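Visitor: When you line the sequence shown up against my numbering, it's residues 5 to 416, in that order. Before anything else, here's the structure in question.
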Amino acid sequence: MAVQRGTEPPFVVLGVGAGIAAYKAVEVCRRLVDAGMHVAPVLTEQAQRFVGRTTFDALASEPARVSVWEGDAPIAHTRLGQLADVVVVAPATADVLGRAAAGLADDLLTTTLVATRAVVVLCPAMHTEMWEHPAVQDNLAVLRRRGAVVVPPETGRLAGGDVGAGRLADPERIVDAVVQVLASRARSGPAGDLAGRRVLVTAGGTREPIDPVRVITNRSSGKQGHAVAEAARRRGAEVVLVTTTSLPVPAGIEVVRVETAAELETAVADRVGADGEGVDVVVMAAAVADFRPVATASSKLHKVDGPPSIVLEPTPDILTGVASRRRPGQVLVGFAAETDDLVERARAKLVAKGVDLVVANDVSAPGVGFDHDTNAVSILGADGTVTEVPLTSKGAVADAILDRVVALLASR
Ligand code: C5P
């Protein structure tokens, strides 16, 4: 597919990191040029160990560059950064991701990444152990938070004959991602695969009052729900966050603070609407109490009166209610925090609640779930698919959930 910006072809800086997959960047370069783009290659010093710059010189729209100090333009990095409509890095090695996340500017590629306001498309490629390392995943989450689009690696044969996740995405997928970024920029300014979508997210544990000073609650911190709301906003959605927490919420997200399951239910019903028309996506990350006291004492219960007997009643299942009123095309996501039989219980919830996705986490595992900044989840789809997200930041988990949501929206 060819892309034109007015009469000027789109200007693409193609960054090439030092990985064995650098040879595939040659194919990416050729396809970008074939698609009508002006391609300016920037190789890292070490990338030249894998593929020579002459190859790019021959195929690209201008000669390849490596150093800030070469050529007749003394400030190539600002020129490239300013001219770029997209900076695509393929392969983005663990090293390039780390330097970019830290904001380092110690070669022409990383300096260009700091000197640009263009959308950055990152195409990671590395060995599975490196890809799954929390440092790499955290760096990616940081870069995503800053607006980078990530084309995830594929699972397959890696260098040295190993098989696993980390193989550079197919050049065709990389070029498609660049084309999509350019197309969505033309439509809606900054790239965002949730642009024009209304997303409702709930977060935190509800607090059900026993008396004016005591509550029944749970260990949910709300961090995962907040991360989903932030990621959805960054990806262009109009976001309402219904939260029981007092965590800060970035500008641009509408926030509704609630405490009890009943308040959360009302806030959700107000936004979703009787016919489901109010929102396109509901992500129920809140840990809603399953039971609440039938009555709340109007004054403090006193110790001298002995242990109170608290009669509990079930709360209505809010998500099931939303699902019963869903409209075609709407995407519903539930959560399942479990300590045993994770996938079986999550699958049962997916069916019982009638939702599209259930995000299941084993909250008894180290670093997972409540109050941590990290999480590890299995995302179960009503279509039978399961996406495993190994231990990573809650921001990265949020993006993995939204990747599934975007795919579902696109398929309807
Ligand atoms: O059945 P369980 O409570 O484990 O289901 C968890 C999922 O259901 C979460 O998405 C939670 O937000 C939602 N839920 C709800 N209303 C309730 C209880 C849970 O919407 N009363």
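Where a beta carbon is used, it is the ideal one built from N, C-alpha and C, also for glycine. None of the values given here were measured: they were computed from a predicted structure.
1) Using the C-alpha atoms, what's the distance from residue 280 back to residue 130?
2) Cα-Cα, which of 199, 264, 68 is closest to residue 239?
3) Are residue 310 and residue 416 closer than 8 Å when you measure CB to CB?
4) Classify residue 32: buried if its beta carbon has 16 or more other beta carbons within 10 angstroms, exposed otherwise.
5) Is DSSP giving residue 42 helix, strand or coil here?
6) Whole angstroms are fine: how far does the CA of residue 218 sit from the CA of residue 248?
7) Entirely within the region 237 to 294 and at least 4 residues each: give me those alpha helix (DSSP H) ranges in chain order.
8) By the three-class DSSP mapping on this structure, what secondary structure does residue 67 have?
9) Rounded C-beta distance between residue 286 and residue 326? I'm assuming under 8 Å.
10) Quick one: residues in its chain with C-beta nearer than 6 Å to the C-beta of residue 27, no 5 flanking neighbours on either side, listed in chain order?
11) From residue 213 to residue 203, what does the alpha carbon distance come to, in whole angstroms?
12) When you compare each of 243, 385, 96, 396 to residue 50 by their alpha carbons, which one comes out closest?
13) What are the boundary residues of the alpha helix (DSSP H) that includes residue 222?
14) Could you check whether residue 19 and residue 118 sit closer than 8 Å to each other, using their CB atoms as the reference points?
15) Using the beta carbon as the reference atom, which residues fall closer than 5 Å to any heavy atom of the ligand C5P, ordered along the chain?
16) From residue 201 to residue 382, what distance separates their C-alpha atoms?
17) With a threshold of 6 Å on Cβ separation, who are the neighbours of residue 301 within its own chain once the five nearest residues in sequence on each side are excluded?
18) Over the uninterrupted alpha helix (DSSP H) stretch that includes residue 405, give me the two end residues.
19) Reducing DSSP to helix, strand and coil, say where residue 153 ends up.
20) Hey, how far is the Cα of residue 24 from the Cα of residue 273?
21) Is it true that the CB of residue 305 sits closer than 8 Å to the CB of residue 312?
22) Leaving out the 5 sequence neighbours to the left and right, which residues in its chain are closer than 7 Å to residue 256 when beta-carbon positions are compared?
23) Can at least three beta-carbon pairs, one atom from the region 125 to 139 and one from the region 167 to 177, be found at a separation below 8 Å?
24) Reducing DSSP to helix, strand and coil, say where residue 195 ends up.
25) Measuring CA to CA, which of 349, 159, 151, 53 is closest to residue 120?
26) Roughly how many angstroms separate the alpha carbons of residue 98 and residue 179, rounded to a whole number?
27) Quick one: grab the DSSP three-state call for residue 34.
28) Label residue 225 either buried or exposed according to how many other C-beta atoms from any shown protein chain fall within 10 Å of its C-beta, with 16 as the threshold for buried.
29) Apart from the five residues just before and just after residue 191, which ones in its own chain have a Cβ nearer than 7 Å to its Cβ?
30) Should residue 345 go down as buried or exposed, given a rule of 16 or more other Cβ atoms within 10 Å for buried?
31) Assuming residue 290 and residue 229 form a contact by the criterion Cβ under 8 Å, report the distance between their Cβ atoms to the nearest whole angstrom.
32) Give the DSSP-derived three-state secondary structure of residue 391 in the structure shown.
33) Just verifying my parser: in three-state terms, what is the DSSP assignment at residue 54?
34) Report back the beta-carbon spacing between residue 124 and residue 113 to the nearest angstrom; my notes put them in contact at under 8 Å.
35) Report yes if the C-beta distance between residue 57 and residue 70 is below 8 Å; otherwise report no.
Guide: On the basis of the supplied data:
1) 43 Å
2) 199
3) no
4) buried
5) strand
6) 16 Å
7) 265 to 276
8) coil
9) 6 Å
10) 55
11) 29 Å
12) 96
13) That residue, residue 222, is in no alpha helix (DSSP H); it is neither H nor E in DSSP.
14) no
15) 288, 290, 292, 319, 321, 322, 323, 338, 339
16) 25 Å
17) 215
18) 398 to 414
19) strand
20) 52 Å
21) yes
22) 237
23) yes
24) Only weak support exists for where residue 195 lies, its pLDDT of 49 falling under 50; the value from the coordinates is given anyway. In this structure, residue 195 counts as coil in the three-state DSSP scheme.
25) 151
26) 21 Å
27) helix
28) buried
29) Any reading at residue 191 needs caution, since the residue's pLDDT is 44, under 50, leaving its predicted position unreliable; the model's value is listed next. Excluding positions up to five away in sequence, the list is empty.
30) exposed
31) 6 Å
32) strand
33) coil
34) Actually they are not in contact, since the Cβ atoms of residue 124 and residue 113 sit about 11 Å apart, beyond 8 Å.
35) yes
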